[in-house]
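First residue of the sequence shown: 0, per numbering that gives the first Met the number 0; consecutive thereafter.
Using N, Cα and C, we set each Cβ at its ideal position, and we do this for glycine too.
Heads up: the structure comes next, in structure tokens.
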Amino acid sequence: MKRIDSINVIPFIDVMLVLLAIVLATATFIVEGRLEIKLPTAGGETISAPREPTEIAIDRAGGLFLDAEPIAAEALSAKLDALDPETPIRLRVDTAAQFGGFVTVIDMLQTRGLERVRITTRQE
């Protein structure tokens with residue numbers, strides 16, 4: 000039988016390094032939440048609050064609505080021309096509506112550079 004004169008500490012060191020990494024990672028998250036920092040003030044312009052989205056809806060019969068008010072396609076086109084390209088748009092379409100109406104509205108938005116479009120759906 001062979002005699003063991005030394006202890007292998009390499010696995011012990013590996014485990015200790017992993018535990019040290021875990022402690023350091025969690026300690027930084029704990030400290031960040033508890034630091035009380037008073038931020039300096041600046042004289043620059045303030046960032047405006049997020050805009051309320053403009054809502055476009057298409058009902059079952061294909062009627063168009065802008066912010067819950069009925070509107071003709073030509074009038075909708077004129078209203079979209081006046082919008083800033085950064086304006087968020089919320090699009091609601093009835094499931095029974097013709098697909099052509101949806102495509103027409105998407106085309107109107109795309110040609111005017113209104114790309115911040117969210118299509119509203121119902122979660123089941």
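- Here VAL92 carries a strand assignment [DSSP, helix/strand/coil].
- Taking a cut-off of 8 Å for Cβ pairs, the segment 17–26 and the segment 66–74 do not touch, as fewer than three such pairs fall below it.
- A residue is called buried when at least 16 other Cβ atoms come within 10 angstroms of its Cβ; ALA60 does not meet this threshold and is exposed.
- Here VAL92 is buried, its C-beta having at least 16 other C-beta atoms within 10 Å.
- Bridge partners of VAL116 according to DSSP: ILE88.
- In the three-state reduction of the DSSP assignment, PRO52 falls in the coil class.
- Between the beta-carbon of PRO52 and that of PRO10 there is about 58 Å, and that puts the pair past the 8 Å contact cut.
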